[in-house]
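Residue numbers (the UniProt record's numbering): 1 to 280.
All C-beta atoms in this analysis are idealised placements derived from N, C-alpha and C, irrespective of residue type, glycine included.
This one's a predicted model, so the numbers in the text were calculated from it and none came from an experiment.
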Amino acid sequence: MLHCKFNEDDSICSTIDYEENPDKYRGLIYCIDCGEKAWFTKGYETQKISRMACFGAKHKEGCNASTVEFVSDDPDNDEDEKNQNSGIRVDLDKVTSQSIYVSNDNNKHGDEESDWKGKSKRKIIGNSDGFPLSKSLRQLLTNLCRNSDYGDENQTITIVANSGRVVVEGDLRSNLVRIEDVSREHIGKDYIFWGKINNLNIDKKGTLWLNYGDNLLEPSIALNSKLKEQVLVNFKLKEVSELDGSDVIIVGHVGFSPQGKAIISTGFTKYMSFRRVTVK
Ligand SMILES: [Zn+2]
Numbered sequence: 001m002l003h004c005k006f007n008e009d010d011s012i013c014s015t016i017d018y019e020e021n022p023d024k025y026r027g028l029i030y031c032i033d034c035g036e037k038a039w040f041t042k043g044y045e046t047q048k049i050s051r052m053a054c055f056g057a058k059h060k061e062g063c064n065a066s067t068v069e070f071v072s073d074d075p076d077n078d079e080d081e082k083n084q085n086s087g088i089r090v091d092l093d094k095v096t097s098q099s100i101y102v103s104n105d106n107n108k109h110g111d112e113e114s115d116w117k118g119k120s121k122r123k124i125i126g127n128s129d130g131f132p133l134s135k136s137l138r139q140l141l142t143n144l145c146r147n148s149d150y151g152d153e154n155q156t157i158t159i160v161a162n163s164g165r166v167v168v169e170g171d172l173r174s175n176l177v178r179i180e181d182v183s184r185e186h187i188g189k190d191y192i193f194w195g196k197i198n199n200l201n202i203d204k205k206g207t208l209w210l211n212y213g214d215n216l217l218e219p220s221i222a223l224n225s226k227l228k229e230q231v232l233v234n235f236k237l238k239e240v241s242e243l244d245g246s247d248v249i250i251v252g253h254v255g256f257s258p259q260g261k262a263i264i265s266t267g268f269t270k271y272m273s274f275r276r277v278t279v280k
């Protein structure tokens, strides 16, 4: 869509308005038709395609404002869907940048699938029927996005760090927190946070803020400049704006600013993964 609603004064924001004044509009734009949060996607030019700038949103069903279709870069491997009732074990030590799936513009696929097969053969504990199963965060995120009830069926999860320290353990559902639902209840323990990045910005210190909405009030993920650089390299991004509109999953902890804004942080890029969307 090419126009959206600016929440502050209900005015209409065009793609030109947004590009000229991103700080004004960031996190405060909504679909005119269905009222869902929107994000901005820059226009781009390649040898083959010339694409206009536009707004995206996860529109409510039946909303007519969607003019372009956004598709997610899900891998084709649906093996994990068959194992919905099984326990999940994520070995963060084994999650390398190569094992995290990111699509390229040319629609080539990453090598998660082969890595996944290799990992399944390793003998690991944490599964009720004794059949080893490991799963990357990326695959967990795909399942959550496809089925928000995922995790309701007595699944358990164990996440182990480099040192062997157990970061998250227990039933999957009670360890999952949607970014929009994060509260002071979640202070003091690591959780698996997941949700949509509707906009992002970089502050004067070089910290990258991945925002759910209004960057003064609503929850954000904060990545210091070092982590930000690692995200660019490990997820093969040319610039951070490629993450606008993505789904994110992150194993980390939450704190609150003096203004009461939830800030989620983590120590390593391997504790997070993205499900990027591209214009079809
Ligand atoms: Zn809509």
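Nearest-angstrom beta carbon gap, residue j and residue i [assumed within contact, 8 angstroms]
| i | j | result |
| --- | --- | --- |
| N224 | N215 | The Cβ separation is near 16 angstroms, so there is no contact. |
| A53 | K42 | 5 angstroms |
| D9 | L141 | So it is not a contact: roughly 35 angstroms between Cβ atoms. |
| N175 | I192 | 5 angstroms |
| G206 | K228 | 7 angstroms |
| G27 | G213 | 5 angstroms |
Residues sharing a beta bridge with residue i, DSSP
| i | result |
| --- | --- |
| G252 | Y191 |
| G170 | I157 |
| D247 | K196, R275 |
| V90 | I159 |
| C31 | DSSP output for C31 lists no bridge partner at all. |
| C54 | T41 |
| G262 | Sequence check: residue 262 is Ala here, not Gly. DSSP output for A262 lists F256 as bridge partner(s). |
| A222 | W209 |
| V71 | T278 |
| V177 | F193 |
| N201 | W209 |
| I12 | K5 |
Among the options, nearest to residue i - alpha-carbon criterion
| i | options | result |
| --- | --- | --- |
| I29 | E19, C13, E20, N21 | C13 |
| F268 | D247, K226, Q155, E185 | K226 |
| G170 | G164, S163, E180, T158 | T158 |
| S72 | E36, L144, Q155, H3 | L144 |
| residue 296 | R184, N198, V90, S148 | Nothing can be reported for residue 296: it is not among the residues displayed for the chain, which extend from 1 to 280. |
| Y44 | I249, K238, I197, Q139 | K238 |
| R173 | H186, Q155, G164 | Q155 |
| S241 | R276, N234, Q259 | R276 |
| R146 | I187, H186, D74, E180 | D74 |
Chain-order list of residues whose beta-carbon lies under 6 angstroms from that of residue i (same chain, five-residue window excluded)
| i | result |
| --- | --- |
| S265 | A222, G252 |
| residue 299 | Residue 299 lies beyond the stretch modelled for the chain, which goes from 1 to 280, so this question has no answer here. |
| I249 | L137, L141, W194, S273 |
| I197 | L210, L243, S246, V248 |
| V231 | T269 |
| T96 | Residue placement at T96 cannot be trusted, given a pLDDT of 46 that sits under 50; what the coordinates show is reported in the next sentence. Cβ neighbours of T96 beyond the five flanking positions: none. |
| H3 | I12, S14 |
Chain-order list of residues whose beta-carbon lies under 8 angstroms from that of residue i (same chain, five-residue window excluded)
| i | result |
| --- | --- |
| N107 | Interpretation of N107 is limited by its pLDDT of 31, a score under 50 that renders its predicted location unreliable; the figure taken from the coordinates is listed afterwards. So no residue of the chain qualifies. |
| S11 | K5 |
| D203 | W209 |
Cutoff 7 angstroms; reference residue i; Cβ partners in own chain excluding five residues on either side
| i | result |
| --- | --- |
| Y18 | Y25, F40 |
| A262 | V182, P219, V254, F256 |
| D190 | V167, V168, V251, G252, H253 |
| D33 | C63, N64, A65 |
| H59 | C31, C34, E36, A65, S66 |
| K82 | For K82, the pLDDT reaches just 45, beneath the cut-off of 50, and the residue's location in the model is therefore unreliable, leaving the point undetermined. |
| L217 | K261 |
| I16 | none |
| Y150 | N143, L144 |
- Message: If you measure from each CB to the nearest heavy atom of ligand 1 and keep those under 5 angstroms, what residues do you get, in chain order?
- Response: For ligand 1, the selected residues are C31, D33, C34, H59, C63, A65.
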